[in-house]
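Residue 18 in UniProt numbering sits at position 18 of the sequence shown; the count goes up by one each step and never skips. Here the structure comes first, spelled out in structure tokens, and everything after it is commentary.
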Amino acid sequence: MPHPVLAQIEHINQAIREGDKVLYASVYSEDVLFTFSENGKLYPRDQLLKNVKPAPNFRPMNDEFLVHDYGHTVVVNFRSRIHEELDARRVTMTFIEQNGGWRAVAAHSTSITE
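This is the structure we're talking about:
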């Protein structure tokens, strides 16, 4: 049976498709920080939310999931491709049990170079 944290990753994708900032915010803790390797900048939750706009065709292909469950903390690593022709990305997300559910507290995304 898949870990419940994986449903949160699908909620992120759904929120982006629908432009649903409430759903998107529900996945992230108030103090989450997301880092992208391209610029090394830290993006807090409010900045992430500013970029949520409806994207009906957003259907990333996520695979190669590795889930490490440490009780109240889960680290998930996976490969994500937005389109077949674009470079894949390696994403690592850390979730904690918070407010009755799993919330991301940290995330990092980097391009995979072959």
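From the three backbone atoms N, C-alpha and C, an ideal C-beta is built for every residue, glycine too. Source: prediction; values computed, not measured.
Here Tyr70 carries a coil assignment [DSSP, helix/strand/coil]. Per DSSP, the continuous beta strand (DSSP E) segment holding Ser29 begins and ends at Tyr28 to Phe36.
Nearest to Met61 by C-alpha distance, out of Ala107, Asn39, Phe78 and Thr94, is Phe78. Under the three-state reduction of DSSP, Val105 is assigned to strand. In this structure, Ala55 is the residue among Arg45, Ala55 and Gly100 with its C-alpha nearest to the C-alpha of Ala15. Here the C-alpha atom of Val75 lies approximately 15 angstroms from the C-alpha atom of Ser29. Within the same chain, Cβ atoms closer than 7 angstroms to the Cβ of Phe34 are found at Tyr43, Leu48 and Ala107, the five residues on either side in sequence being excluded.
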